[in-house]
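Only one structure is covered here, and it is reproduced in the block below.
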Amino acid sequence: MNAVLIAVAVMLVLSLLRINVVFSLIIGALVGGLTAGLSVAETIKAFTGGLGAGATIALSYGLLGGFAVAISKTGIPELLVAAILKLVRREGDSQKTGLAKTLIFLLLLMMAIFSQNLIPIHIAFIPLLVPPILKVLNMLQIDRRLIATILAFGLITPYMLLPYGFGAIYQEIVATQMGLSGLAINLDDIPGAMVIPALGMVAGLVIAFVLYRKPRQYKQQEVEVEKLQLNVKKSSVFFTIISLIAALYVQIETDSMIAGALAGITVLYITGALKWKEADLLLTEGMRMMAFVGFVMITANGFASVINATGDVENLVEASAKLLAGNVSLAVLIMLVIGLIVTMGIGSSFATIPIIAAIFVPLGLELGLSTMAIIALIGTAGALGDAGSPASDSTLGPTAGLSVDGQHNHIWDTCVPTFICYNIPLIIFGWFGIVYIL
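If you count by the working numbering, then the sequence shown holds residues 83 to 520, one letter each, in order.
Shown next as structure tokens:
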């Protein structure tokens, strides 16, 4: 059996059985390494050797979590919640309830999209924005699985399609790795090639609204608008906005989320928007909130290192190519599924591209695919699995915000819904576009 398939299967099964994701990744990596013929010592060496690659990401998320909690204490989120609550009558005005739901959906969708391209803070906005509105979601009986799918759409689709922010990074990786694999491409061609796969994500979002449209009961927590309308100083709001601008500017200039978060926190300190006596507690609380995401990302890098060490990704593709015997339609489908499996395992679309590009590019050329079709193949295969992977920050982020009151399960309420809504349509649209249009 192929070690990659075994490792990913073990990780996914354990996760579905509600085993902690970090332990599932470690056990999956160990099983995969042993299946490939590596010794226990070699597997552990490969695993620990890959951990360092996730340290920067983990620290970034920790600082961003601290920054997010610090901002949340300025009173801005409470003002937002209070404004939404004004649209919701306790006696159940259906028109105002519908408007409130629409505003919440649009707000979260826009923030998720902006977090990838316009204001590239990635998932850092989720612990800032989502926990304060959970009480409103409970009052409106909104199924949190729908919120998870909305957030996942905004975290994934923009980098697939738009060449800005994280999208610029993703598309640069695609272009670079394809060039190294023997097919130089124009970076400007990538958005055009990814339009059809992106439509698959749009279809998935529509499916999510159909599947999770019914009201879902959560434990109600009474929310009084008057309690939320705190005496928020205008100066605090102003300085908070300045801190956000500073964080964005420094992150763009330095290409470092760590530097950006530090800049934002520093502004809050200096201006007094963050009280000195509360700062340590708040920052620690934020880091603790994002610590789980950081540990998963670090562990996922160790898992990816073992996957690479087995050498079975290449074997999986080569074996598939022999069985296909020139069947382009089936070949494209299998390559997309391989991309899904790899990304589901390591939890990173960005890290999947280097793994698959070296094999998919020559195989695509051998099958007679056009350059645009191969771009779509690589880009789609890399993005597949980002939704649904227990180790992906596109699922860990929504869970971090939605589970703070213990009423949202990472696997069954985030991973499974996002997998169903996005991976299946993405395979269908991507396959159709690659085979019949591009």
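No residue lacks a Cβ here, since even glycine has one placed at the ideal position from N, Cα and C.
Can you check which of these residues, the options, is closest to residue i by C-alpha distance?
i	options	result
F320	V349, Y331, V332	V349
I255	L185, L422, I438, N102	I438
L145	L210, L181, V103	L210
P245	L262, D271, L185, V292	D271
G286	K404, T322, G236, G488	G236
L216	N84, K183, V277	K183
K359	L120, V113, A152, I205	A152
R226	N505, A482, M93	A482
P444	A465, G429, A266	A266
V86	G354, A391, L449	A391
I88	I423, T179, H490, L451	I423
A373	N397, G479, I108	G479
G421	A355, N505, V378	N505
S485	I380, P279, P214, G264	P214
M369	V95, G427, A206, F187	A206
N397	F442, G429, L363	F442
L190	T179, H204, V212	V212
A355	T322, P297, I428, I208	T322
Report buried or exposed for residue i, applying the criterion of at least 16 other Cβ atoms within 10 angstroms of its Cβ.
i	result
Y105	Per the sequence presented here, residue 105 reads as Phe, with Tyr not at that position. With fewer than 16 other Cβ atoms within 10 Å, it is exposed.
N409	exposed
R295	exposed
V388	buried
M193	buried
S317	exposed
V288	exposed
G461	buried
F291	exposed
I352	exposed
D394	buried
D495	buried
A433	buried
A137	exposed
K357	exposed
K315	exposed
K404	exposed
A401	exposed
R172	A caution first: R172 carries a pLDDT of 49, below 50, which makes its placement in the model unreliable, though a value can still be read off. It is exposed - the Cβ of R172 has fewer than 16 other Cβ atoms within 10 Å.
S120	The amino acid at residue 120 is misidentified as Ser; the sequence shows Leu. The residue is buried, with at least 16 neighbouring Cβ atoms inside 10 Å.
V284	exposed
G264	exposed
L451	buried
Which residues in the same chain as residue i place their Cβ atom closer than 6 Å to its Cβ, once the five residues preceding and following it in sequence are excluded?
i	result
G342	A329, V332, Q333
A592	The requested residue 592 is not part of the displayed model; the chain covers only 83 to 520.
G538	Nothing can be reported for residue 538: it is not among the residues displayed for the chain, which extend from 83 to 520.
L365	G148
A257	I267, L269
I195	G236, P240
P436	Q259
In chain order, what residues of the same chain have a beta carbon less than 8 Å from the beta carbon of residue i, not counting five sequence neighbours either side?
i	result
L116	V122, T125
P273	L243, L244, P245, Q253
L262	A439, A440
M83	T117
C497	S97, G470, S471, P472, T477
L415	I509, W513
H492	V103, P472, T477, L478, T481, S485
E306	Annotation note: pLDDT 45 at E306 (below 50); position unreliable, coordinate value reported separately. Excluding residues within five positions, none has a Cβ falling inside 8 Å.
Please list, in chain order, all residues of the same chain as residue i whose beta carbon is under 7 Å from its beta carbon, the five residues on each side excluded.
i	result
D468	I238, T425, S431, S474, S476
T500	A230, T231, A234, A469, G470, T477
G282	P507, L508, I510, F511, G512
L141	I340
E335	none
I502	none
L418	T462, A463, L466, I509, G512, W513
G346	F149, S325, L326, A328, A329
Residue ranges of each alpha helix (DSSP H) within the segment 365–427, 4 or longer: Within the segment 365–427, the complete alpha helix (DSSP H) runs of at least 4 residues are 394–406.
Can you list, in chain order, the stretches of the alpha helix (DSSP H) that have 4 or more residues and sit fully within the segment 179–262? 208–222, 226–243, 248–262
Quick check: the segment 373–389 against the segment 124–133, are at least 3 beta-carbon pairs closer than 8 Å? Output reads yes: the segment 373–389 touches the segment 124–133.
State whether the segment 410–426 contacts the segment 506–518, with contact taken as three or more CB pairs (one from each stretch) at a distance under 8 Å. yes
Just list the beta strand (DSSP E) runs in the segment 456–499, keeping only unbroken ones of 3 residues or longer that don't cross its boundaries, in chain order. none
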